[in-house]
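Chemist: Per the working numbering, residue 2 is the first one in the sequence shown, and the count goes up by one each step.
Input: one structure, supplied below.
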Amino acid sequence: MNSLQSSLYFFMKRGMIMVGLLLDVIILLAFIVYGIALWQGKGASMLSGYNTMSMEKKMQINERALCKFMAKIMFALSFCVGLFAVSELLEEDIYFIVGLSLFVAVLGFALIYANTGNRFKK
2 MNSLQSSLYF
12 FMKRGMIMVG
22 LLLDVIILLA
32 FIVYGIALWQ
42 GKGASMLSGY
52 NTMSMEKKMQ
62 INERALCKFM
72 AKIMFALSFC
82 VGLFAVSELL
92 EEDIYFIVGL
102 SLFVAVLGFA
112 LIYANTGNRF
122 KK
């Protein structure tokens, strides 16, 4: 491999890292903005499942509590995506592995917690 090829490889690799970092930051900001909206009690109509409920069922749900819970989940997921960004920036895979493990754990917890125990009933 000559010096031109190695230089080209370096810049291509660096460019891919920057694209990955940029995408991670965009997703991170989107999760934080949506989390803030949910924390303020807005955005419940964008929650999957809740927006398709009949009006009678929606009246049985404590929308404020549901929004607060989902906001906390969005903040936790944004932390995980932040770990993805750190992994890209430092080029260390351990941050990605930890972030992905936490991401899956948070999603599993959210699904189980939200769908058991009638926690959001009025």
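Glycine included, each C-beta is placed from N, C-alpha and C at the ideal position.
Evaluate contact between the region 94-112 and the region 63-81, counting only Cβ atoms and requiring at least three cross-stretch pairs below 8 Å.
Modeler: Cβ pair count under 8 Å is three or more, so yes.
Chemist: What's the C-alpha gap between alanine 31 and arginine 120?
Modeler: On the sequence shown, residue 31 is found 30 positions in, with the first residue counted as 1. On the sequence shown, residue 120 is found 119 positions in, with the first residue counted as 1. One C-alpha to the other measures close to 27 Å.
Chemist: I'd like the span of the alpha helix (DSSP H) that includes arginine 65, first residue to last.
Modeler: Sequence index remark: in the sequence shown, residue 65 carries index 64 (1-based). Taken as a continuous stretch (DSSP letters only), the alpha helix (DSSP H) holding arginine 65 covers 64-91.
Chemist: Work out the CA separation of asparagine 63 and lysine 123 for me, nearest whole Å.
Modeler: Here residue 123 corresponds to residue number 122 of the sequence shown, with the count starting at 1. Here residue 63 corresponds to residue number 62 of the sequence shown, with the count starting at 1. Spanning the two alpha carbons is a distance of roughly 5 Å.
Chemist: For lysine 58, which of helix, strand or coil comes out of DSSP?
Modeler: Position 57 of the sequence shown, counted from the first residue, corresponds to residue 58. Helix, per DSSP.
Chemist: My assumption, with CB atoms under 8 Å, is that alanine 38 sits in contact with leucine 67. Please give the rounded CB distance.
Modeler: Counting from one through the sequence shown, the residue named residue 38 turns up at place 37. Counting from one through the sequence shown, the residue named residue 67 turns up at place 66. Not a contact, Cβ separation roughly 13 Å.
Chemist: Please confirm whether alanine 72 and leucine 29 have their CB atoms less than 8 Å apart.
Modeler: Residue 72 sits at position 71 when you count from the first residue of the sequence shown. Residue 29 sits at position 28 when you count from the first residue of the sequence shown. In this structure, leucine 29 does not lie closer than 8 Å to alanine 72 by Cβ.
Chemist: Just to confirm the assignment, what range does the alpha helix (DSSP H) spanning tyrosine 96 have?
Modeler: Indexing the sequence shown from 1 puts residue 96 at position 95. Its alpha helix (DSSP H) spans residues 94-116.
Chemist: With a threshold of 6 Å on Cβ separation, who are the neighbours of methionine 33 within its own chain once the five nearest residues in sequence on each side are excluded?
Modeler: In the sequence shown, the residue the question calls residue 33 occupies position 32. Just to set this straight, residue 33 is isoleucine in the shown sequence, not methionine. Cβ within range, chain order: Ser79.
Chemist: In its own chain, which residues sit with a C-beta less than 6 Å from the C-beta of tyrosine 35, not counting the 5 before and 5 after it?
Modeler: Within the sequence shown, numbered from 1, the residue matching residue 35 stands at position 34. So the qualifying residues of the chain are Met75.
Chemist: Measuring CA to CA, which of Arg65, Phe110 and Glu93 is closest to glycine 41?
Modeler: For the purposes of this step, residue 41 is taken as the residue at position 40 of the sequence shown. Here residue 41 is glutamine; the residue named in the question, glycine, does not match the sequence. Nearest of Arg65, Phe110 and Glu93 to glutamine 41, Cα basis: Arg65.
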